[in-house]
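Using my numbering, you'd call the opening residue of the sequence shown number 22 and step up by one each time.
We put the CB at the ideal spot given by N, CA and C, even for glycine.
All figures in this text were calculated on a predicted structure; none of them were measured in a lab.
First up is the structure itself, then whatever we jot down about it.
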Amino acid sequence: MAGRFHQTVPTALMEFLMLLVGAAASVTTATPTSAQVTVRFGVETPMRDGTVLVSDMWMPEGDGPFP
């Protein structure tokens, strides 16, 4: 019985510490940055089977290869 107690106390302590770290991480929030974007709504993309997908496109402004 004593051996089992010695194994569960460190495990419980580790779980408690992980809970505290997780709670502390959720309290901090990132500040939003303003991004320059171009938005196009209702862009239609035809599919091979004849279906047309309608989507909104959010693209960064400027030149450059974008993914």
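Can you round the beta-carbon distance between residue i and residue j to whole angstroms, since I take them to be within the 8 Å contact cut?
i, j, result
"Val58", "Asp77", "11 Å between Cβ atoms; not a contact."
"Thr73", "Pro67", "Going by the sequence as given, residue 73 is Val instead of Thr. The Cβ separation is near 5 Å, so the contact holds."
"Pro81", "Ala56", "7 Å"
Do you know offhand how far residue i's Cα is from residue j's?
i, j, result
"Pro88", "Trp79", "12 Å"
"Met35", "Gly43", "12 Å"
"Thr52", "Ala33", "34 Å"
Take residue i and list the residues in its own chain whose beta-carbon comes closer than 6 Å to its own, dropping the five residues that flank it on each side.
i, result
"Glu65", "Val73, Val75"
"Phe62", "Asp77"
So, at 8 Å on beta carbons, what are the nonlocal neighbours of residue i in its own chain, with the 5 sequence-adjacent residues on each side left out?
i, result
"Arg69", "none"
Apart from the five residues just before and just after residue i, which ones in its own chain have a Cβ nearer than 7 Å to its Cβ?
i, result
"Pro86", "none"
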